[in-house]
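Enquirer: Numbering (the working numbering), first residue to last: 28 to 195. My questions will all concern the structure given below.
Here's what the structure looks like:
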């Protein structure tokens, strides 16, 4: 996908999020700003971004996806437990909860393109392979040395998408 230059202001972005009652788990987060295609981005775990504020990963995603011509995205995660410290994740790494699985599937169904973006931390989630193989034509921003889809936070602004080759 080619890059586009665009001017986007924070006020022109519609924000929404879906949380557990306790707000310890975020099931999906939406950012919408234009008429382009909508992406489903699958990350590792949610930080503290919600329907009012962005975190560094979401600010980077907004910039990357705007430049690629998207009009917004749903962000879902392999793990729904919200923490800015992924190394603190515990039992959630072993299995995908039914609620989170529905959120991921609904987001994939509601969007035009799925982007895998869980980074090296995803290696700890064995079920990631099943998720990746169930998606038709998943894309990513490139691969880590370990063959995982790169996390968007530290990518250059001119990053592009490529087809995810799958796991061997």
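The beta-carbon is built from N, C-alpha and C at its ideal position, and this holds for glycine as well. The structure presented is a predicted model; accordingly, all values stated were derived computationally and were not measured.
(1) With burial defined as no fewer than 16 other Cβ atoms inside 10 Å of the residue's Cβ, what is the status of residue 77: buried or exposed?
(2) Helix, strand or coil for residue 228? Go by DSSP, reduced to three states.
(3) Leaving out five residues before and five after residue 179 in sequence, what residues of the same chain have Cβ atoms less than 7 Å from its Cβ?
(4) Just mark residue 123 as buried or exposed, buried being the case when its beta carbon has 16 or more other beta carbons within 10 Å.
(5) Apply the 10 Å Cβ neighbour rule to residue 79 and answer buried if 16 or more other Cβ atoms are within range, or exposed otherwise.
(6) Where residue 61 and residue 39 are concerned, what is the direct C-alpha to C-alpha distance, given to the nearest angstrom?
(7) Could you give the uninterrupted runs of the beta strand (DSSP E) lying entirely in the stretch 29–102, keeping only those of 3 residues or more?
(8) DSSP on residue 194, reduced to helix/strand/coil?
(9) Can residue 103 and residue 67 be called in contact, C-beta distance under 8 Å?
(10) Give a yes or no on whether the C-beta atoms belonging to residue 134 and residue 52 are separated by under 8 Å.
(11) On the DSSP letters alone, give me the boundaries of the beta strand (DSSP E) that residue 142 sits inside.
(12) Please identify the residue among 108, 131 and 183 whose C-alpha is closest to the C-alpha of residue 95.
(13) Decide if residue 81 is buried, meaning its Cβ has at least 16 other Cβ atoms within 10 Å, or exposed.
(14) Identify the continuous alpha helix (DSSP H) that holds residue 155 and give its terminal residues.
(15) Please name the residue in 157, 193 and 101 whose C-alpha comes closest to that of residue 171.
(16) Beta-carbon separation of residue 75 and residue 111 under 8 Å?
Expert: The short version:
(1) Counting from 1 along the chain shown, the entry for residue 77 is found at position 50. That one is buried.
(2) Only positions 28 to 195 of the chain appear in the structure, and residue 228 is not among them; the question remains open.
(3) Counting from one through the chain shown, the residue named residue 179 turns up at place 152. Cβ neighbours of residue 179 within its own chain (closer than 7 Å, five residues either side excluded): 84, 87, 88, 91, 144 and 168.
(4) Start at 1 with the first residue of the chain shown, and residue 123 comes out as number 96. So residue 123 ends up on the buried side.
(5) Reading the chain shown from its first residue, position 52 is the one you call residue 79. The residue in question, residue 79, is exposed, as its Cβ has fewer than 16 Cβ neighbours within 10 Å.
(6) Here residue 61 refers to the residue found at position 34 when the chain shown is read from its first residue. Here residue 39 refers to the residue found at position 12 when the chain shown is read from its first residue. The alpha-carbon of residue 61 is positioned some 9 Å away from that of residue 39.
(7) Counting only runs of 3 or more residues that sit fully inside the stretch 29–102, the beta strand (DSSP E) segments are 41–46, 53–59 and 65–70, in chain order.
(8) Along the chain shown, read from residue 1 onward, the residue named residue 194 stands at position 167. Coil.
(9) Locating residue 103 in the chain shown gives position 76, counting from the first residue. Locating residue 67 in the chain shown gives position 40, counting from the first residue. Yes, Cβ-Cβ distance for residue 103 and residue 67 is below 8 Å.
(10) Start at 1 with the first residue of the chain shown, and residue 134 comes out as number 107. Start at 1 with the first residue of the chain shown, and residue 52 comes out as number 25. Not a contact, by the Cβ cut-off of 8 Å.
(11) Mapped onto the chain shown, residue 142 falls at position 115. For residue 142, the enclosing beta strand (DSSP E) stretches over residues 140–143.
(12) Start at 1 with the first residue of the chain shown, and residue 95 comes out as number 68. Cα-wise, what sits closest to residue 95 is 183.
(13) On the chain shown, residue 81 is found 54 positions in, with the first residue counted as 1. Counting Cβ neighbours within 10 Å, residue 81 comes out buried, since at least 16 surround it.
(14) Translated into positions along the chain shown, residue 155 becomes position 128. Where residue 155 is concerned, the enclosing alpha helix (DSSP H) stretches over 155–161.
(15) Here residue 171 refers to the residue found at position 144 when the chain shown is read from its first residue. Measuring from the Cα of residue 171, the nearest candidate turns out to be 193.
(16) Taking the first residue of the chain shown as position 1, residue 75 is located at position 48. Taking the first residue of the chain shown as position 1, residue 111 is located at position 84. Going by beta carbons, residue 75 and residue 111 fall inside the 8 Å limit.
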